[in-house]
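So in full-length UniProt numbering, spot 48 of the sequence shown is number 48, and the numbers just go up one at a time.
What follows is a short report on a single structure.
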Amino acid sequence: MGQTPDTVFDVCRRAIEFFTLQTAQGVKYLEYINYKLEEKYKNMEIQCKSLLGNLEQKINKLQNEKDAIEKECEELRDKLVASTHKLSQLEGDISRLNLSKRSDSDRTCFSDHIHIRSAQSTQSSDTLNPKFPRCSPDSTYPSPFGLGNRQSHFNFSKRSEISSSICF
1 MGQTPDTVFD VCRRAIEFFT LQTAQGVKYL EYINYKLEEK YKNMEIQCKS LLGNLEQKIN
61 KLQNEKDAIE KECEELRDKL VASTHKLSQL EGDISRLNLS KRSDSDRTCF SDHIHIRSAQ
121 STQSSDTLNP KFPRCSPDST YPSPFGLGNR QSHFNFSKRS EISSSICF
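Written out as structure tokens, the structure reads:
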């Protein structure tokens, strides 16, 4: 019932050859998978480097745009501060002019009122001199300085109404 030693030896040799063949094919398959993975890795690395380069270019471009916008913003802010300062100076000048006009107007109105009273005493009420307008608050004549409506002729900003109402 047994096999001859040559037959047993031949079966063992074939079994070892089959095992060696399967092991070699397994190694070749793993080498193939390793090769493909390395290839994918290299392609992905190239794509990532390309993408990273593009993103760095975009970042640099956006950073330059941001810097330019910040510079423009600073310039506009400086212009705004200068314009605001100039506007406040002009509003102050307008307020001083309006106050001086008002005080001049009050003095003129007072002298005109005295002159009219002296003229009324020498003339009848029918022959009043129309050359001198009345400056009383109920006057129907326009004020010589345009101050009867209590608004300035200058309109430099929205604040002109506020400044004119404060001055008068």
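Just so it is clear, CB atoms sit at the ideal spot from N, CA and C, and this is done for glycine as well.
What you are looking at is a predicted structure, and each value in this text was computed from that prediction instead of being measured.
Item to check | Which of helix, strand or coil DSSP assigns to Gly26 | outcome: Helix at Gly26.
Checklist entry - Under a three-way DSSP split, which group does Gly2 fall into? => result Annotated three-state conformation of Gly2 is coil, per DSSP.
Checklist entry - Is it right to say Asn98 is buried, meaning 16 or more other beta carbons lie within 10 angstroms of its own, or is it exposed? => result It is buried - the Cβ of Asn98 has at least 16 other Cβ atoms within 10 Å.
Item to check | Cβ neighbour criterion (16 or more within 10 Å) applied to Ile94 | outcome: Its Cβ being crowded by 16 or more others within 10 Å, Ile94 is buried.
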